[in-house]
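First the structure, in the form of structure tokens, and then the observations on it.
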Amino acid sequence: MTRPGTQGYAAEAATLLQQYESIDFATLHAAFLDLIPPAPARVLDIGAGTGRDAAALAGMGHQVLAVEPTAELRAGGALLHPSPRLAWLDDGLPGLSGVVALGQSYDLVLLTAVWMHLDATDRAAAMPVLAGLLAPGGRLWLSLRHGPVPEGRVMHAVDPAEVIAQAEAAGLTLLRRREGGDTLGRDGVHWTWLAFARAP
Ligand SMILES: C[S@@+](CC[C@H](N)C(=O)[O-])C[C@H]1O[C@@H](n2cnc3c(N)ncnc32)[C@H](O)[C@@H]1O
44 MTRPGTQGYA AEAATLLQQY ESIDFATLHA AFLDLIPPAP ARVLDIGAGT GRDAAALAGM
104 GHQVLAVEPT AELRAGGALL HPSPRLAWLD DGLPGLSGVV ALGQSYDLVL LTAVWMHLDA
164 TDRAAAMPVL AGLLAPGGRL WLSLRHGPVP EGRVMHAVDP AEVIAQAEAA GLTLLRRREG
224 GDTLGRDGVH WTWLAFARAP
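Each residue of the sequence shown is one higher than the one before, counting from 44 in the numbering used here.
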């Protein structure tokens with residue numbers, strides 16, 4: 044299936060493997076680390092890219108499923124991060140049909156730098172799917188990129204208020220919101236980070 048948001052990633056995979064892996068998981072997620080459930084938790088990393096976050100969480104003792112529709116990133120990430128606690132799946136938003144078919148629920152669902160690749164229709168469709176994958180008490184984290192769109196990529200302007208409203212409509216509660224600069228120092232780029240919880 045073609046997913047418009049993946050445009051540009053395959054061609055740049057070799058560069059992105061280095062760029063994404065140059066970011067430290069604990070630094071990037073510093074404001075949310077206390078929200079990580081105790082190990083061993085079931086973690087779903089959607090749009091996992093090179094698996095930086097997935098591998099860090101597997102290294103903490105969690106069982107992680109990394110979902111990545113770009114074959115070149117998925118293959119590179121799997122080579123880079125071999126772990127018995129980290130599995131990879133070719134699937135994508137909004138439907139996540141492969142993930143849903145597994146019939147599992149997750150204590151933490153992570154979408155780092157992915158949500159702005161979805162258009163309004165797909166965002167509206169995806170949120171209930173994500174909420175349905177959370178175990179009772181489970182958490183959903185996502186980051187939204189704001190600012191100029193790199194050439195060759197497909198990104199949409201997303202109002203954090205829309206994400207909060209959609210998550211609340213899907214039965215989730217906002218736990219935390221943070222605004223921050225760009226770890227890679229790109230001009231004009233800034234981020235919103237949101238964490239939600241499903242009721243226990
Ligand atoms: C900016 S990268 C972020 C990668 C990784 N999460 C990180 O933080 O390094 C965005 C990722 O989202 C993936 N992606 C794009 N559209 C997607 C979709 N519809 N469903 C799932 N992943 C998607 C891309 O293939 C790419 O790996």
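No residue lacks a Cβ here, since even glycine has one placed at the ideal position from N, Cα and C.
beta-carbon residue i near ligand 1 non-hydrogen atom, thresh 7 angstroms
i, result
"H189", "no"
"H199", "no"
"G135", "yes"
"E111", "yes"
"L237", "no"
"T155", "yes"
"R46", "yes"
"D96", "yes"
"H160", "yes"
"T293", "Past the boundaries of the shown model lies residue 293; the chain is included only from 44 to 243, so the question cannot be answered."
"A91", "yes"
"L116", "yes"
"Y149", "no"
"T49", "yes"
Rounded Cβ spacing between residue i and residue j (contact assumed at less than 8 angstroms)
i, j, result
"L187", "V172", "That pair is no contact at about 18 angstroms."
"L123", "E211", "No, L123 and E211 are not in contact; Cβ-Cβ is about 37 angstroms, not under 8 angstroms."
"A174", "G214", "6 angstroms"
"L60", "T113", "That pair is no contact at about 11 angstroms."
"F75", "A238", "6 angstroms"
"G120", "A91", "7 angstroms"
Residue(s) in a DSSP beta bridge with residue i
i, result
"H233", "H189, G224"
"P149", "Position check: residue 149 holds Tyr in this sequence, whereas Pro was assumed. According to DSSP, which records beta bridges pairwise, Y149 is partnered with L177."
"F239", "L183, L217"
"W131", "A109"
"L122", "DSSP lists no partner for L122."
"L154", "L185"
Checklist entry - Which whole runs of the alpha helix (DSSP H) in the region 84 to 115 are 4 residues long or more, in chain order? => result 95 to 102
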